[in-house]
Structures are given as structure tokens and as C-alpha cells.
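**Q** Here numbering that gives the first Met the number 0 is used: position 8 in the sequence shown is 7, and no number is missing along the way. Where is the CB? At the ideal position from N, CA and C, for every residue including glycine. Since this is a predicted model, take the numbers as computed values, not measurements.
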Amino acid sequence: MRWIPNALTLLRCLCAALLPLLGVESIAFIVVYVTAGVTDALDGFLARRWRTATRFGSSFDSLADMLFTLTLLYVLMTFLHWPSWLTIWIVILAMLKVMTLIIGWLRYRQVAFLHTVLNKLSGLVIFVAPMFIIQTRAATTGIVAGIIACLVACTIASIASLEELTITIASPKLHPDIRSLVSLGSVSGKESDSKPLPRE
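1. So Arg178 and Thr115 are supposed to be a Cβ contact under 8 Å. How far apart are they, rounded?
2. Could you give the distance in angstroms between the alpha-carbon of Trp81 and the alpha-carbon of Asp64?
3. Arg11 to Ala169, Cα distance in whole Å?
4. Given that a residue counts as buried once 16 or more other Cβ atoms are within 10 Å of its Cβ, and exposed if not, what is Val30?
5. Taking 9 Å as the cut-off, decide whether the C-beta atoms of Leu41 and Pro4 are in contact.
6. Specify the secondary structure class of Ile177 as computed by DSSP and reduced to three states.
7. What does the Cβ neighbour count give for Glu162, buried or exposed, with the cut at 16 atoms within 10 Å?
8. If distances are taken between C-alpha atoms only, which option among Ala156, Arg106 and Leu150 comes closest to Met94?
9. Per DSSP, what kind of secondary structure is Gln109 in: helix, strand or coil?
10. Pick out whichever of Leu105, Ala128 and Lys119 has its Cα sitting closest to the Cα of Leu172.
11. Here's the rule I'm using: 16 or more other beta-carbon atoms within 10 Å means buried, otherwise exposed. How should Lys96 be labelled?
12. Would the beta-carbon of Ile89 fall within 9 Å of that of Leu100?
13. Short of 7 Å in beta carbon distance, which residues of its chain neighbour Ala35, apart from the five on each side in sequence? Order them along the chain.
14. Here's the rule: buried if 16 or more other CB atoms are within 10 angstroms of the residue's CB, otherwise exposed. What is Ala27?
15. Taking 9 Å as the cut-off, decide whether the C-beta atoms of Thr8 and Gly56 are in contact.
16. Tell me which same chain residues have a C-beta within less than 7 Å of the C-beta of Ile166, skipping the five on either side of it?
17. In whole angstroms, what is the alpha-carbon distance linking Leu120 and Thr70?
18. What are the start and end residues of the alpha helix (DSSP H) that includes Leu13?
19. Hey, Met98 and Leu164 are a contact pair by Cβ (cut 8 Å); roughly how many whole angstroms apart?
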């Protein structure tokens, strides 16, 4: 059973690779999209339940999430044709994420993904927003509704990314499962880097 959570994570990577090849409003796209979401929910849950969580699994899960998010953004950019300022915002968010990973590597000598509450909320919103955009596009105000959904997702992602960067800079040790910046003081120095960690 140890390999099943990682196999689900790998399946999410494959789903991400398939998305650009499918029509956004097709049944196949929805099936692949929902499958990716289900694997995201199951891999961490099963790893914790079966006590097979590892640092590799946690990092692999986060990398798969990043790949899925970037692919989804590319698909939406070609589908929604949103304004250039929104594209710039997304590029800045991507650069912020890369900066955080570089700082994390320099400080901890490992890929540093944090599973904060805001990061999880951001992932959920980013997953739900595309379905909302696709369903409302046919309506007269569909484009406006899609832009609003993107604004909400980007705002939450921005706050989550800034919090993650701040924690990465401020924390002397890597705490992947830290809940928020507020809880940094209570967990600092209490967790060992060698301890197996949950995937999400």
C-alpha cells in the first residue's frame, strides 16, 4: 500500500499533462479535471491513514499541485482571454513562488513546500474557479464572472504566497505542516527535520 499515494500523485501529473490537449467544455476535460482533484484529496489522506507519509511524498504532492496549477492557468488564459494586467499578476505570483523555493533550498537544503491553511484554501479556490468560469461563460455576464473568479483566486493566492515566503525567511527550521505565520512561534524548534511528515 506504500506506493498507492505516490501513484495517485503521479496520476495527477498525467492529468495535468492531458488538460491542454482536451477541449475545455468537453466531457473528457471535466473527467480528467475531476480525476485530478480526487487524487489530490486522496493521496495525502491515504498516506496519513496508512502511516506511509514521507518527505518525498510530501514534496512530490506539492510539485504535482504546482504542475497542475500552472497547466490550468495556461488553459484558462487561452480559454478566457483575460486582460494583460491579470496575466502580469499571475506571472508575479509564479515568480514569488520560485523565489520562495530558492530561499527554502538555500536555508534548508531541500525543497520547501508549506502546507499552510491559506495554501490549502488557495488550492481549493483555484480548483473550483475554473468550473465556475466554464459554467458561466455561456451567460451574457460570463466573462465578467470569470474575471471576478480569477480575482478572488489570485487575491487568496497572493496572501498565501506572501505568508509562505515570510515563514520561509523567518523560520530557522523547515516546518512543512505549519498552519500559519501566527503559529510560527509555537512550532519553532519543536519539530525534527528527520521526522516523517504528512503529505498535505
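**A** In terms of the structure at hand:
1. Your numbering for residue 178 matches position 179 in the sequence shown. Your numbering for residue 115 matches position 116 in the sequence shown. Right, the Cβ-Cβ distance comes to about 6 Å (below 8 Å), so this counts as a contact.
2. Position 82 of the sequence shown holds residue 81. Position 65 of the sequence shown holds residue 64. Going by the C-alpha atoms only, they are around 23 Å apart.
3. To locate residue 11, count along the sequence shown from 1; it is residue 12. To locate residue 169, count along the sequence shown from 1; it is residue 170. Answer to the nearest angstrom: the Cα atoms are 32 Å apart.
4. One-based indexing of the sequence shown puts residue 30 at position 31. Per the 10 Å Cβ criterion, exposed.
5. If you number the sequence shown from 1, residue 41 lands on position 42. If you number the sequence shown from 1, residue 4 lands on position 5. A contact, by the Cβ cut-off of 9 Å.
6. Translated into the one-based positions of the sequence shown, residue 177 becomes position 178. Here Ile177 sits in coil by DSSP.
7. By one-based count along the sequence shown, residue 162 stands at place 163. It counts as buried.
8. As a first step, residue 94 must be located in the sequence shown, where it is residue number 95. For Met94, the nearest C-alpha among the options comes from Ala156.
9. Translated into positions along the sequence shown, residue 109 becomes position 110. Of the three classes helix, strand and coil, the one that applies to Gln109 here is coil, per DSSP.
10. Here the question's residue 172 lines up with position 173 in the sequence shown. One detail in the question is off: residue 172 reads as Lys in this sequence, not Leu. Ranking Leu105, Ala128 and Lys119 by Cα distance to Lys172 puts Leu105 first.
11. Taking the first residue of the sequence shown as position 1, residue 96 is located at position 97. Buried, since its Cβ has 16 or more Cβ neighbours within 10 Å.
12. The count along the sequence shown starts at 1 and reaches residue 89 at position 90. The count along the sequence shown starts at 1 and reaches residue 100 at position 101. Result no, Cβ atoms of Ile89 and Leu100 do not sit closer than 9 Å.
13. Counting from 1 along the sequence shown, the entry for residue 35 is found at position 36. Once the five neighbours on either side are set aside, the close Cβ partners of Ala35 are Arg11, Cys14, Ala15 and Phe67.
14. Sequence index remark: in the sequence shown, residue 27 carries index 28 (1-based). Counting Cβ neighbours within 10 Å, Ala27 comes out exposed, since fewer than 16 surround it.
15. Counting from 1 along the sequence shown, the entry for residue 8 is found at position 9. Counting from 1 along the sequence shown, the entry for residue 56 is found at position 57. The answer is yes: Cβ separation under 9 Å.
16. Translated into positions along the sequence shown, residue 166 becomes position 167. If we look at Ile166 and ignore the five residues flanking it on each side, its Cβ neighbours are Leu113, Ile177, Leu180 and Leu183.
17. Here residue 120 refers to the residue found at position 121 of the sequence shown. Here residue 70 refers to the residue found at position 71 of the sequence shown. Rounded to whole angstroms, Leu120 to Thr70 spans 19 Å at the Cα level.
18. As a working mapping, residue 13 is identified with position 14 in the sequence shown. Per DSSP, Leu13 belongs to the alpha helix (DSSP H) from Trp2 to Leu17.
19. Residue 98 sits at position 99 when you count from the first residue of the sequence shown. Residue 164 sits at position 165 when you count from the first residue of the sequence shown. With a Cβ gap of about 7 Å, Met98 and Leu164 count as contacting.
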